[in-house]
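Here the structure comes first, spelled out in structure tokens, and everything after it is commentary.
Residue numbers (this note's numbering), protein chains in the order written: chain A, 1 to 230; chain B, 231 to 460.
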């Protein structure tokens, strides 16, 4: 997967804009098996484990997680770069939503917070954009706030590629014909995730590996982190 | 893999006593490919990264790591439960060695230390024995001391088994005919390693995934940890 980094980051946003409608439908119809079998519950449980009152849902998509947390009494602000997904989230309710890209968050231009916790549920897809975003998160958190990240499990999702950081071509395999133009994504090894989280100011308190019933490999990894003392 | 836990822990020690001679020969002849291609250097580099003056080498075997660290000016005390391996280590020099099992360390009966760092290089094979051992390590360390663990990579070494904690049958596949009676070992998921290290009083500073040149999967995982503030 080659290309100028900025172009790859831009492709991610473009792809999600193109696929916003079928994506929102797929999530709302609970038709993504790995989500319903393992990872949806895992992210809700992980957020609950730190008992936050106010949560910043970064890359909230069509808002299912914000709604699930809201039903548990949590106050949620969701942001996403894709206007159509945010419109869908607003329609569904459950939180306050706004359109914002990761650069706006990274540059501390968003007026919201402070939050007790930030959550990124399968929403950290790029390279520099992710570094910039995570480094800025402490700005939006109360002191000693939490960060919870769910992402593809680096080892289990490595596939036939060499196990090292790099851009990978996306795929909609297993999704319907209405999906197109899959986004590239930046693969990080476990070592790189741990190192990036620490460099961005977080200590890993716990790591979980949600696994679907009867599955051999974990479906994802969840990092539950706390801000390093400032 | 079934059996009373104590019997399985005892089998580990018995197996290493039986295989001490061929093991020492294999290490000294550098005939274990994963070690020479990736993991030997990885553990030496990891220990060096925390610049310790005095190191506690737990499960030192025939002493190659103690000798390697000694050659870098580090003072090493090595312990192992297998008398024949310790005898081999003493012959090779490079550190002070003693025969001790993990229970003796766990019960704080060893008179040595304090150390700047403890290292466990592929030497955490059991279940309760390992929990007991790691919990006691802070007792042998200076305040804010380091712990460095290298172990099989949980995801890469999971094989065809379900990805969950449990005893596994050992194998000497790839080793010579002079090896016999492989030891059982306790498989831990990544989540369990992270959780155990924290419960035993350590914060993970860094995680490394040594990978042999041209290999697809990492050969091991190395956790570089520091004592949580007491």
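Beta carbons: idealized from backbone N, C-alpha and C, even for Gly.
Review point. Among B/372, B/419 and B/370, which one has its Cα closest to the Cα of residue 392 of chain B?
Key: Residue B/419 is the option with its Cα nearest to residue 392 of chain B.
Check your understanding: From the beta carbon of residue 278 of chain B, is the nearest beta carbon of chain A less than 8 Å away?
Key -> Against chain A, the CB of residue 278 of chain B has no partner CB under 8 Å away; the residue lies outside that interface.
Review point. When the cut-off is 8 Å and only beta carbons count, does residue 434 of chain B lie next to chain E?
Key: Among the protein chains in the structure shown, which are A and B, there is no chain E.
**Study point:** Same chain only: Cβ atoms within 6 Å of residue 12 of chain A, ignoring 5 sequence neighbours per side
**Key:** Correct list, in chain order: 125, 126 and 183.
Exercise for review: Could you tell me which residues DSSP pairs with residue 456 of chain B in its beta bridges?
Suggested key: Paired residue(s): B/376 and B/433.
Review point. What are the boundary residues of the beta strand (DSSP E) that includes residue 444 of chain B?
Key: Counting along the chain, residue 444 of chain B falls outside any beta strand (DSSP E), and DSSP gives it neither H nor E.
Point to revise | Under 8 Å from the C-beta of residue 216 of chain A: neighbouring residues of chain B | key: Simply 388, 390, 391, 392 and 393.
Check your understanding: Looking only at DSSP bridge pairs, what is residue 307 of chain B linked to?
Key -> The partner list for residue 307 of chain B (beta bridge, DSSP) reads B/286 and B/326.
Practice item. Give the residues of chain A in contact with residue 316 of chain B, contact being defined as C-beta atoms less than 8 Å apart. Key: The contacting residues do not exist; residue 316 of chain B stays about 33 Å from chain A at best.
Practice item. Starting from the C-beta of residue 274 of chain B, find all residues in its chain whose C-beta is less than 6 Å away, skip the five residues before and the five after it, and write them out in chain order. Key: Within its own chain, the residues whose Cβ lies closer than 6 Å to the Cβ of residue 274 of chain B, once the five positions on either side in sequence are excluded, are 298, listed in chain order.
Check your understanding: Ends of the alpha helix (DSSP H) at residue 48 of chain A?
Key -> Per DSSP, the continuous alpha helix (DSSP H) segment holding residue 48 of chain A begins and ends at 40-48.
Check your understanding: Between which two residues does the beta strand (DSSP E) carrying residue 346 of chain B extend?
Key -> Counting along the chain, the unbroken beta strand (DSSP E) around residue 346 of chain B starts and ends at 345-351.
Check your understanding: Looking at the structure shown, is residue 102 of chain A part of a helix, part of a strand, or coil, going by DSSP?
Key -> Per DSSP, reduced to three states, the secondary structure at residue 102 of chain A is helical.
Point to revise | Straight-line Cα distance separating residue 257 of chain B from residue 234 of chain A | key: What is shown of chain A runs 1 to 230, which leaves residue 234 of chain A out entirely.
Exercise for review: Say whether chain B places a C-beta atom closer than 8 Å to the C-beta of residue 41 of chain A.
Suggested key: In terms of beta-carbon proximity, residue 41 of chain A stays away from the interface with chain B, with every pair separated by 8 Å or more.
Exercise for review: Use the C-beta contact count for residue 94 of chain A: other C-beta atoms within 10 angstroms, 16 or more gives buried, fewer gives exposed.
Suggested key: Burial call: buried.
Check your understanding: Is any beta-carbon of chain A found at less than 8 Å from that of residue 421 of chain B?
Key -> At least one C-beta of chain A is nearer than 8 Å to the C-beta of residue 421 of chain B.
Check your understanding: Roughly how many whole angstroms lie between the Cα atoms of residue 367 of chain B and residue 254 of chain B?
Key -> Rounded to whole angstroms, residue 367 of chain B to residue 254 of chain B spans 26 Å at the Cα level.
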